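The block underneath contains the structure these notes are about, expressed in structure tokens.
Residue numbers (the numbering used here), protein chains in the order written: chain A, 1 to 306; chain B, 307 to 832.
Encoded structure:
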């Protein structure tokens, strides 16, 4: 969302490509806002705009052009890994820029995420307030307290289950303060319906199975990165869809090795210097590899039956 | 109690049992042990003595507002073990029914606290101390009381040590055959006074004058710390829960006003409910920053008041504030209720709070502390340590605590090596198989499930602090065993399973032909 489309006057030529999608997303967002709050509010005094993935295909699909701030979003872990947590943290890092706030609250059953790993995703560990060892009830209580604190950018909670009433309380608190909540839920079984604004399911997929779609985002070879299968399940009346998502750490301007992380066995590229203040990484869309497209790289991928 | 003095360990003070066994202060510790081999000894702690004395002086304020400790003196004028307290009781004694009653009450209280006390009461501090040390015994309840004007007579028969004189002056007086205070009286007048003044340090005459009331000797009381407490007594015991909330609200109102008057806030508040049976129940709240405002305090107490059971009938309440500190100055707002702030204003979230960063988080932290306790709420602090498990620590969430290490401004430099998003506090042992002895695993079994490795990166070798390993302890009895080479090494691999899990595993130690490699799973990447 870095470029702003020009004014939509008849005189200007119709925007094309990404700009067009972006303009449509903005208009959808405007309509959603008017529907939610009525047209009386002047634009600009409303809550900050939605948090986007920075990927037009996904943001354009979502009503409102992204994930609404001041709402509850549910992310279901599709596997036993940390993909759901990772996605919530990447979105939280993007929220810092949108909301201009830098603190966030983590409440979970286990230990909080590992600090150096957080830092790599762009979330300042020192800006986090963590509550550990919280049962579902305690986590709900803590999340509601966090959602009532406008100084927070986001509230992330690990919950096993929460009922409609608890969900509505969270949603109400989030709408009043403008704080965004991410509910992380484990389990692969179909969860009960909730009042979350959007619901996602994320699971990790091997990085080797993916290749970036957009040439601009073609940044393999950095040695690290994560690939996720992202399923949009419901939210705002949009159709369910799936994407393959890549998260890559920011790459220095210098050309890096075209090897992807799995092939690059000495993964630490020690001479990388990132531009100061740059985001630590970016999301991009990936397509599954077609057969034979990566014949060279496939040799080092050990496939075994079972 | 012993302390090192003049090249030997000397007994400084003994308890009653040791005294009965024949031990005396001033003996060498070796002699005392020879007399009684099972002697329990402890080194003297002058600082702790002083603190105990100060707290006793504070306790004695119930008898008089003007109390001061008399610490033991290095010069020996007040020997260790005979430290005492001044109480200026002028105008106080009648409140307790006379001087004798006051002395008895003070001694009873000190006895309950485990102190053996001797009391002297006289018109001058010096005479009172002399009477307490040499005229009173531990057994007479009333203490030694000299009526006004009779100090000279009361002191006359006491040894000269009663004047708080060091051993040098005492020895000098003894060489002249002067053993009792009364023997000094004739020497205080006329030309003999000048002779006495020449022969001895001026301390002798000044102590003598002060004890006899010829010179004023002031007592400087230790400064009393203001105590912030409010209390409420009910006319009759109540069992209603609502009374607790109501009483708390009233006390908080009063205390907040009291604190605000002094420009102070407190970080710890204790609410005590006294029941009719003589018991008490407490609810305590702690805050992240000094606080003196009613509304947040009541919010915190609302979480805690449920623990107070009114079943036995409550007839009194007390609210105390501890850890007081000056309130940070903040600028008030013109409109009393600003309502929800527009987002533009939130950008400058520090300006609105008197420039204190994170001040608007304090209510949240307080409430989290109130519900979960201080140990379960924190911030993640990065630590400059190469060991993964020590690279972070949970710091306190208090705004008042030391600032947690965070991400500084982005510094150009090598990117840190990839770290997982979840690190297990204890690495989990896994079964793993590598194709070559020092290569990455090709499959692994973790928590009962077998994962096939699709790709791996590494190794990243991290060496442990070998000097902390077992077997490398500084044990003078055994010659030091150097740690086995490689025992303190971990080779970390990032592996990606075919199912899409990204795991951080390591092989402990170097490859050995005589033992299978031990593999551990230490973290999970997103």
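Just so you know, even glycine gets a beta-carbon here, dropped at the ideal spot from N, CA and C. Bear in mind that the values here come from a model prediction, so they are computed numbers and not experimental data.
Exposure of residue 808(B), with buried meaning 16 or more beta-carbon neighbours within 10 Å: Buried, because 16 or more other Cβ atoms sit within 10 Å of the Cβ of residue 808(B).
May I ask which residues mark the beginning and end of the beta strand (DSSP E) holding residue 596(B)? 586-597
6 Å CB neighbourhood of residue 752(B) in its chain, flanking five on each side removed: 736, 827
Please classify residue 247(A): does DSSP put it in a helix, a strand, or coil? Residue 247(A) falls in the strand class under three-state DSSP.
Pop quiz: residue 565(B) and residue 627(B) are said to be a contact at Cβ under 8 Å. What is the actual Cβ separation, rounded to whole angstroms? 6 Å
Buried or exposed for residue 29(A), please, with buried defined as at least 16 other CB atoms from any protein chain shown within 10 angstroms of its CB. buried
Rounded to a whole number of angstroms, what is the C-alpha to C-alpha distance between residue 106(A) and residue 195(A)? Going from the Cα of residue 106(A) to the Cα of residue 195(A) covers about 21 Å.
Just the Cα atoms here: how many angstroms apart are residue 423(B) and residue 542(B)? 39 Å
For residue 677(B), does the three-state DSSP call read helix, strand or coil? If DSSP states are grouped into helix, strand and coil, residue 677(B) belongs with the helices.
Under a three-way DSSP split, which group does residue 420(B) fall into? coil
Three-state secondary structure assigned by DSSP to residue 226(A): strand
For a contact meaning CB atoms closer than 8 Å, what does residue 807(B) contact in chain A? Correct list: 79, 80, 81, 204.
Could you compute how far the alpha carbon of residue 425(B) sits from the alpha carbon of residue 449(B)? Roughly 5 Å separates the two Cα atoms.
Just mark residue 757(B) as buried or exposed, buried being the case when its beta carbon has 16 or more other beta carbons within 10 Å. The residue in question, residue 757(B), is buried, as its Cβ has 16 or more Cβ neighbours within 10 Å.
Please state whether DSSP places residue 319(B) in a helix, a strand or coil. coil
In this structure, does DSSP put residue 739(B) in helix, strand or coil? Of the three classes helix, strand and coil, the one that applies to residue 739(B) here is strand, per DSSP.
Interface partners of residue 240(A) on chain B, CB under 9 Å: Correct list: empty, because the minimum Cβ distance to chain B is about 20 Å.
At least one CB of chain A closer than 9 Å to the CB of residue 567(B): is that the case? no
Show which residues of chain A have a CB atom less than 7 Å away from the CB atom of residue 684(B). 130
Would you mind sorting residue 361(B) into buried or exposed? The rule is 16 or more other CB atoms within 10 Å of its CB. exposed
Reduced DSSP secondary structure (H/G/I, E/B, other) of residue 123(A): coil
Go to residue 549(B), then tell me how far its alpha helix (DSSP H) extends in each direction, as first and last residue. 547-568
Return the first residue and the last residue of the alpha helix (DSSP H) that residue 621(B) is part of. Where residue 621(B) is concerned, there is no enclosing alpha helix (DSSP H), although the beta strand (DSSP E) it sits in stretches over 620-632.
Per-residue DSSP class, three states only, for residue 808(B): strand
List the residues of chain B whose Cβ lies closer than 8 Å to the Cβ of residue 85(A), in chain order. 727, 728, 832
Leaving aside the five residues before and after residue 99(A) along the sequence, list all residues of the same chain whose C-beta is less than 6 Å from its C-beta, in chain order. 48, 153
Against chain B, which members of the segment 140-171 of chain A pass a CB distance test of less than 9 Å? If the cut-off is 9 Å between Cβ atoms, the segment 140-171 of chain A has 141, 142, 145, 146, 148, 149, 150, 151, 152 near chain B.
The beta strand (DSSP E) that contains residue 828(B), what's its start and end? 824-831
Return the Cβ separation of residue 280(A) and residue 54(A) in integer angstroms, given the expectation that the two are a contact with Cβ distance under 8 Å. That belief does not hold up - the Cβ atoms of residue 280(A) and residue 54(A) are roughly 13 Å apart, past 8 Å.
Run through DSSP, which three-state label would residue 314(B) get? strand
Could you tell me the distance, in whole angstroms, from the CA atom of residue 603(B) to the CA atom of residue 136(A)? 26 Å
Starting from residue 503(B), follow the alpha helix (DSSP H) in both directions and report where the run begins and ends. 496-505
Given a threshold of 16 other Cβ atoms within 10 Å of its Cβ, counted over all protein chains shown, does residue 453(B) qualify as buried or as exposed? exposed
Taking the C-alpha atoms as reference points, what is the distance between residue 118(A) and residue 819(B)? 39 Å
Under 9 Å between C-beta atoms, does residue 200(A) make it to chain B? no
Going along the chain, which unbroken runs of the beta strand (DSSP E) with 3 or more residues stay wholly within the segment 51-107 of chain A? 72-77, 103-107
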